[in-house]
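Student:
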Amino acid sequence: MSQQALHSEWMRRAIAEARGALATGDVPVGAVLLDETGSVIASGRNERELLNDPTAHAEIVAMRAATAARRDWRLEGCTLVVTLEPCVMCAGAILAARLPVVVFGAWDEKAGASGSVYDVLRDRRLQHRVEVFAGVEEAECSALLTDFFADPARRP
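The C-terminal residue of the sequence shown carries number 142 in our numbering, and the numbering is unbroken.
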């Protein structure tokens, strides 16, 4: 299977997580974390509304679950797949966890930190850099967010 096909397959799982966030009134962003073999070791979805926690972004939720399962804060060799471009907070956590690869769907033109507003993950001034694959299943990932924010009753 090609790398592009694998990224799409993994993104489908992240999209399913994003849809799950809708049930709690959270912004539909989902993430999956894969180990070195491509097996899913953790998943997460936005849970800010559910937990009243401003740090409960999908990426953070997935990383917390993965580090707990692995009993290691380092996620070297792993891949994070997320439906929305990581923000600055999540980019910082990705760097701290030493994640080498991030795959994302929709660009975040307001707060993205992986190439749109900022490019924290590939900043040469930092010790760790991340390989970024952007725009995977972008149309579907973007539509989830557009539909969510178009309905005033669903907005947090």
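Glycine included, each C-beta is placed from N, C-alpha and C at the ideal position.
The model shown is predicted, which means the values in this text are computed figures rather than measured ones.
Taking its Cβ as the centre, do 16 or more other Cβ atoms sit within 10 Å of D12, making it buried, or is it exposed?
Tutor: That one is buried.
Student: Is the CB-CB distance between L131 and A92 below 9 Å?
Tutor: Yes, the pair counts as a contact, with Cβ atoms nearer than the cut-off.
Student: When you compare only the Cα positions, how much space is there between L61 and D137?
Tutor: So the alpha carbons of these two residues sit roughly 37 Å apart.
Student: Helix, strand or coil: which one does DSSP assign to C127?
Tutor: Looking at C127 - three-state DSSP - the assignment turns out to be helix.
Student: Would you call the CB atoms of L107 and V118 closer than 9 Å?
Tutor: Yes, they are a contact pair.
Student: Tell me the rounded alpha-carbon separation between L112 and L85.
Tutor: The straight-line gap from Cα to Cα measures roughly 14 Å.
Student: Which residues share a DSSP beta bridge with R31?
Tutor: In DSSP, R31 forms a bridge with G16.
Student: Please report the Cβ distance between A44 and R31, rounded to the nearest whole angstrom; I am assuming they are in contact, meaning their Cβ atoms lie under 8 Å.
Tutor: That pair is a contact at about 5 Å.
Student: If you draw a straight line from the C-alpha of V116 to the C-alpha of D105, how long is it?
Tutor: Between V116 and D105, the C-alpha separation is close to 10 Å.
Student: In the DSSP assignment, what are the bridge partners of F119?
Tutor: F119 is bridged to V89.
Student: Leaving out the 5 sequence neighbours to the left and right, which residues in its chain are closer than 8 Å to T10 when beta-carbon positions are compared?
Tutor: Contacts found: E33, E35 and L36.
Student: Suppose contacts are defined by Cβ-Cβ distances below 9 Å. Is L19 in contact with R140 by that definition?
Tutor: Cβ distance not < 9 Å, so L19 and R140 don't count as in contact.
Student: Does DSSP classify L107 as helix, strand or coil?
Tutor: Looking at L107 - three-state DSSP - the assignment turns out to be helix.
Student: Taking all protein chains shown into account, do 16 or more other C-beta atoms lie within 10 angstroms of the C-beta of E71, making it buried, or fewer, making it exposed?
Tutor: Per the 10 Å Cβ criterion, buried.
Student: Give the range of the alpha helix (DSSP H) segment to which L8 is assigned.
Tutor: From DSSP, the alpha helix (DSSP H) with L8 extends over Q(-11) to L8.
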